[in-house]
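Residue 282 is where the sequence shown ends in my numbering, and the numbering goes up by one at each step. Ideal placement from N, C-alpha and C gives every residue a C-beta, glycine not left out. Keep in mind that this is a model prediction, so the values were computed, not measured. Below is one structure, written out as structure tokens; the observations come after it.
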Amino acid sequence: TGCTDGNQVEYCAAGYYCPAGTYDHRSLPCPPGTFSGAPRASSRAACGDCLLGHFCGALAQTQPDKCPQGHFCGEKGLALPTACPPGTYNDKVGSTSEADCLLCPAGSFCPAEGTSTPKRCPAGTYNDGSTKAAACSPCPAGHKCPLGTSSPAACAAGEFSRAGAAACEVCLAGHFCEKEKTTFEEMTNNQCPPGLACELPGIPITPTVETHGCPAGMYCTGGSSPPQPCPVGTYGPSPGATSAAECLLSPAGTFVDTPGASQPSGKKLSTVSFLKVSPFK
């Protein structure tokens, strides 16, 4: 009990203790880490240790607080809960062990202490869930990682990607991506050689004269350059020409009057002199 002015006796309040002779019934609060739910406590011993799975962070607590999400309270008498380490999370209250802090699930990350809800990996990153992931790893080149990726997906033939890509890109014109998991560097090195027509993007094979040969009557200088026609007066009988020098001059007695011809246009007419004979002598 405590005595107030006028010698009025008041019972010690819950959360406090009042030894004999205490003047104020709220002068001695139970310290952090303890609580007391009953009034009339006469000694510090009445302040019990905070319960397992709980914490008592304030003075004069009458009830313990449940351990919050993202934390665990593995001892009695805790004034503060213990945060789950980065890379783990706990979505439950009242946890009593660090074992309740779970590895961040695949496709997510747990960036800070005390995480209660995992965050999805940003586009261009991934997490396979095998380790404590405080951050997601960059997507490897030749793969794609949309939002929340747990395992990078390989780019298909005809596509490529740089490291950290959320999506694959179509292989650029003038190049080819003949296999899965093609990187930007590999695509850059895979340039179509002269004699092949590769002006369209997305080539998924190694181009050859049979599949992408420059058409007859044309020549191709390589890369993304479109086929160019053999000039008038010349023709290209076979596919795969690499320059105008491979266009042939029309043979004697023939002519080529259109560009891009694969054979002479026709034969020249011979000049014949006729002797005009008078019917009259």
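The criterion of a C-beta distance shorter than 8 Å is not satisfied by Cys31 and Gly54. A residue is called buried once 16 or more other Cβ atoms fall within 10 Å of its Cβ, and Ile206, having fewer, is exposed. Bounds of the alpha helix (DSSP H) holding His213 are 210 to 213. Judged by DSSP in its simplified three-state form, Phe177 adopts coil rather than helix or strand.
In the DSSP assignment, Asn190 falls within the unbroken alpha helix (DSSP H) covering 185 to 190. Look at the beta carbons and you see the region 37 to 53 touching the region 67 to 80: at least three pairs across the two are nearer than 8 Å.
Comparing alpha carbon positions, the residue from Thr132, Tyr236, Ile204 closest to Gly108 is Thr132.
Across the set Cys248, Pro195, Ile204, Glu160, the C-alpha of Cys248 shows the shortest separation from the C-alpha of Ala217. Gln70 and Asp92 do touch by the CB rule: their CB atoms are close to 6 Å apart, below 8 Å.
Taking C-beta atoms as the reference points, Cys140 and Gly125 count as a pair closer than 8 Å.
The Cβ neighbour count for Thr116, taken over all protein chains shown within 10 Å, is at least 16; the residue is labelled buried. Annotation for Val210: Gly196, Leu197, Pro240, Gly241 place their beta carbon closer than 8 Å to its own, counting only its chain and skipping 5 residues before and after. Note on the region 192 to 275: whole alpha helix (DSSP H) runs with a minimum of 4 residues are 210 to 213, in chain order. For Asp101, no pairing in a beta bridge is given by DSSP. Residue burial is scored here from C-beta neighbours: Ser162 has at least 16 other C-beta atoms within 10 angstroms and is therefore classed as buried. Judged by DSSP in its simplified three-state form, Ala84 adopts strand. In the three-state scheme derived from DSSP, where H, G and I count as helix and E and B as strand, Arg45 is classed as helix. According to DSSP, residue pairing for Ala155 in a beta bridge involves His144.
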